[in-house]
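S.K.: Take this structure, written in structure tokens, and hold onto it; I'll ask about it next.
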Amino acid sequence: MSFSTEKPLKKKRPPRWSDLWLKNTKPLKHIVFAMQLQSLSNPTTPTPTPTPTPKQQQQKQQQTDPPTKFKDKTGTLISNLPHIDRTLLLGDDLLLKILSKLPDSQRNPNSLVCKRWLNLQGRLVRSLKVLDWEFLESGRLLSRFPNLTHVDLLNGCVVRPHDCCVLLSHRIFKMDINSGVSGFLPDWRVCEENLLPVEVVDRGLRGLASGCPNLRKLVVAGASEMGLLSVAEECLTLQELELHRCNDNVLRGIAACGNLQILKLVGNVDGFYGSLVSDIGLTILAQGSKRLVKIELSGCEGSFDGMKAIGQCCQMLEELTICDHRMDNGWLAGLSYCENLKTLRFLSCKRIDPSPGPDDFLGCCPALERLHLQKCQLRDKKSLKAMFKLCETVREIVVQDCWGLDNDLFSLARTCRRVKLLSLEGCSLLTTEGLESVLLTWNEIEHLRIESCKNIKDSEVSPTLSTLFSVLKELRWRPDTRSLLASSLVGTGMGKKGGKFFKKNLRLDNYTQMIHTATF
Numbered sequence: 126m127s128f129s130t131e132k133p134l135k136k137k138r139p140p141r142w143s144d145l146w147l148k149n150t151k152p153l154k155h156i157v158f159a160m161q162l163q164s165l166s167n168p169t170t171p172t173p174t175p176t177p178t179p180k181q182q183q184q185k186q187q188q189t190d191p192p193t194k195f196k197d198k199t200g201t202l203i204s205n206l207p208h209i210d211r212t213l214l215l216g217d218d219l220l221l222k223i224l225s226k227l228p229d230s231q232r233n234p235n236s237l238v239c240k241r242w243l244n245l246q247g248r249l250v251r252s253l254k255v256l257d258w259e260f261l262e263s264g265r266l267l268s269r270f271p272n273l274t275h276v277d278l279l280n281g282c283v284v285r286p287h288d289c290c291v292l293l294s295h296r297i298f299k300m301d302i303n304s305g306v307s308g309f310l311p312d313w314r315v316c317e318e319n320l321l322p323v324e325v326v327d328r329g330l331r332g333l334a335s336g337c338p339n340l341r342k343l344v345v346a347g348a349s350e351m352g353l354l355s356v357a358e359e360c361l362t363l364q365e366l367e368l369h370r371c372n373d374n375v376l377r378g379i380a381a382c383g384n385l386q387i388l389k390l391v392g393n394v395d396g397f398y399g400s401l402v403s404d405i406g407l408t409i410l411a412q413g414s415k416r417l418v419k420i421e422l423s424g425c426e427g428s429f430d431g432m433k434a435i436g437q438c439c440q441m442l443e444e445l446t447i448c449d450h451r452m453d454n455g456w457l458a459g460l461s462y463c464e465n466l467k468t469l470r471f472l473s474c475k476r477i478d479p480s481p482g483p484d485d486f487l488g489c490c491p492a493l494e495r496l497h498l499q500k501c502q503l504r505d506k507k508s509l510k511a512m513f514k515l516c517e518t519v520r521e522i523v524v525q526d527c528w529g530l531d532n533d534l535f536s537l538a539r540t541c542r543r544v545k546l547l548s549l550e551g552c553s554l555l556t557t558e559g560l561e562s563v564l565l566t567w568n569e570i571e572h573l574r575i576e577s578c579k580n581i582k583d584s585e586v587s588p589t590l591s592t593l594f595s596v597l598k599e600l601r602w603r604p605d606t607r608s609l610l611a612s613s614l615v616g617t618g619m620g621k622k623g624g625k626f627f628k629k630n631l632r633l634d635n636y637t638q639m640i641h642t643a644t645f
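Note that the sequence shown covers residues 126 to 645 in my numbering.
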């Protein structure tokens, strides 16, 4: 017989959780060190005292050893264990992940826990509106919020008077003014004298750009070309820019923003400040920022040449907003060069284009899908005819709180034969007959929204129009809000203020009259 000298292989025991936990004792050492540090935070200095009796020593030992103190296996005394901040054992990265999962409503309470949580919570903030320019220049903004991507400096660029007690509100922003202002003048510029100097704004932009290289959106007023160049050089990911009180020279600095996609220019605001953006600035903008997708021009001047340059150079432009423009006559024809434009908005425009030129040179936007008009004056027939001719391919028309739109002017919308959605709100001059004459010519209409149009009556709806309503995918019919309110209050007793009082007085008068008749 031969015996093998090799020992039989033992089955390897699977690792236990305790073995894996004790293998890396670095976290355990960190815990013990933190506990020892807490116990030694309040050292006591020995003082000469008389020798106490054994009974006094026992009582003193009970007083000095509270229940929160105990000793570990090594004999180290650990005190005040429940009062230890156990979040100190977590690294900043791990604690940041935990805080980022909490809802935004707990952001401010979390920042009040301790200084460490305050700093960590500041690293989670991405968007901020600056109200005090000193907060930026002192460096506290960058140290407190180092990871900002959206910064609004508009209110910080305005100097607040010390004795201000009047809040002046505008569609764009709000500001405090001096109580000594007597009234508004036609050429009054209340914000002109309260804006920060250009040098101060540029210095703040340089500091912001150096501290926030991942900046994606910036809102600023009164900056110069050099200030924008510093932002463009440092913030390579800048995608959205909003410039207030800008001019043609300032637009040279935008050309350095290679990834800019959304731009809003505010040139002139009545009563606040005035600035000039002309065809020169629009041409510089078009040639330098060819990747723009969305442009908003507010209070800007220009003409056909400026709009033509934007259409030819900005081939990716999909949305254009014209707000309170000062354009020269004939500018509307320049929009026909925007071949990929999908959305066209007019906001607070006193006029569209009084002299658009011949229809043969007007052209159209082939890719346009949406036309929105809000708070505009639509009184000129030539302007509306040219606008609907330019937008004949739209599928969505939204008109909200516009003045002057009557049956005759609304009939010009028949040119747009591919409309699928129509929304009218606050068109008080339009009647049911004018609405029906246009709707029956649109064979593809699917969505209809009528609100607060007081001259459109339910009783005037014809059977043909009601048949059209039955095949719509969406119908929101609230032309008269007063009748809607009255119908909703039927049976509630509301809307009859003073009814009981007058009935009581009537009964009292009848009773008095009966007594008077019986007496005489």
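Just so you know, even glycine gets a beta-carbon here, dropped at the ideal spot from N, CA and C.
Only a predicted model underlies this, so the values are computations on that prediction, with no experimental measurement involved.
Going along the chain, which residues of its own chain have a beta-carbon closer than 6 Å to the beta-carbon of Val-356, five neighbours each way excluded?
M.R.: Leu-330, Ala-334
S.K.: Restricting to runs no shorter than 3 residues, where is the beta strand (DSSP E) found entirely within the segment 347–413?
M.R.: If we require 3 residues or more, the beta strand (DSSP E) runs fully inside the segment 347–413 come out as 365–369, 387–391.
S.K.: Would you mind sorting Arg-341 into buried or exposed? The rule is 16 or more other CB atoms within 10 Å of its CB.
M.R.: buried
S.K.: Take Ser-562 as the anchor and find which of His-572, Leu-417, Ser-587 has the nearest alpha-carbon.
M.R.: Nearest neighbour of Ser-562 by Cα position, chosen from His-572, Leu-417, Ser-587, turns out to be Ser-587.
S.K.: Among Gln-525, Gln-412, Gln-246, whose alpha-carbon lies nearest the alpha-carbon of Ser-548?
M.R.: The shortest C-alpha to C-alpha distance from Ser-548 to any of Gln-525, Gln-412, Gln-246 is the one to Gln-525.
S.K.: Using the Cα positions of Ala-538 and Gly-436, report the straight-line distance between them to the nearest angstrom.
M.R.: 24 Å
S.K.: How is Gly-427 classed by DSSP in three states: helix, strand or coil?
M.R.: strand
S.K.: Give the secondary structure of Asp-257 by DSSP, where H, G and I count as helix, E and B as strand, and everything else as coil.
M.R.: If DSSP states are grouped into helix, strand and coil, Asp-257 belongs with coil.
S.K.: CB-CB under 6 Å to Leu-498, same chain, minus the five flanking residues each way: which ones, in chain order?
M.R.: Phe-471, Val-524, Cys-527
S.K.: What do you reckon, are the CB atoms on Gly-378 and Leu-363 nearer than 8 Å?
M.R.: no
S.K.: Starting from Asp-533, trace the alpha helix (DSSP H) both ways and give me its first and last residue.
M.R.: 532–535
S.K.: Go ahead and pull the three-state DSSP assignment for Trp-242.
M.R.: helix
S.K.: Since Asp-373 and Met-351 are thought to touch, with beta carbons under 8 Å apart, how far apart are those beta carbons, to the nearest angstrom?
M.R.: No, Asp-373 and Met-351 are not in contact; Cβ-Cβ is about 15 Å, not under 8 Å.
S.K.: Measuring straight from C-alpha to C-alpha, what distance separates Leu-460 and Asp-218?
M.R.: Cα-Cα distance, rounded: 51 Å.
S.K.: So for Phe-486, helix, strand or coil by DSSP?
M.R.: If DSSP states are grouped into helix, strand and coil, Phe-486 belongs with the helices.
S.K.: Val-344 by DSSP, collapsed to three states: which one?
M.R.: strand
S.K.: My understanding is that Glu-571 touches Arg-543, with C-beta atoms under 8 Å, so please give their C-beta distance in whole angstroms.
M.R.: Glu-571 to Arg-543, Cβ: 11 Å. No contact.
S.K.: Could you tell me which of Glu-444, Arg-370, Gln-502 sits nearest to Gly-551, measuring between CA atoms?
M.R.: Gln-502
S.K.: Since Leu-466 contacts Leu-442 with CB under 8 Å, what's their CB separation in whole angstroms?
M.R.: Right, the Cβ-Cβ distance comes to about 6 Å (below 8 Å), so this counts as a contact.
S.K.: By DSSP's criteria, Lys-467 is part of a beta bridge. Which residues make up the other side?
M.R.: Looking at the DSSP output, Lys-467 sits in no beta bridge, so it has no partner there.
S.K.: Compute the beta-carbon to beta-carbon distance between Asn-580 and Leu-555, rounded to the nearest angstrom, for a pair I have assumed lies under 8 Å.
M.R.: Contact holds; Cβ gap of about 6 Å.
S.K.: Starting from Val-519, trace the alpha helix (DSSP H) both ways and give me its first and last residue.
M.R.: Val-519 -> no alpha helix (DSSP H), and no H or E assigned at all.
S.K.: Should Ile-223 be labelled buried (16 or more other beta-carbon atoms within 10 Å of its own) or exposed?
M.R.: Counting Cβ neighbours within 10 Å, Ile-223 comes out exposed, since fewer than 16 surround it.
S.K.: Which of the three DSSP states, helix, strand or coil, is assigned to Ser-548?
M.R.: strand
S.K.: Do Glu-464 and Glu-494 have their CB atoms nearer than 8 Å?
M.R.: no
S.K.: Can you list, in chain order, the residues of its chain whose CB lies under 6 Å from that of Tyr-462, leaving out five sequence neighbours each side?
M.R.: Lys-433, Gly-436, Gln-437
S.K.: Determine the burial state of Ser-252: buried for a count of at least 16 other Cβ atoms within 10 Å of its Cβ, exposed for fewer.
M.R.: exposed
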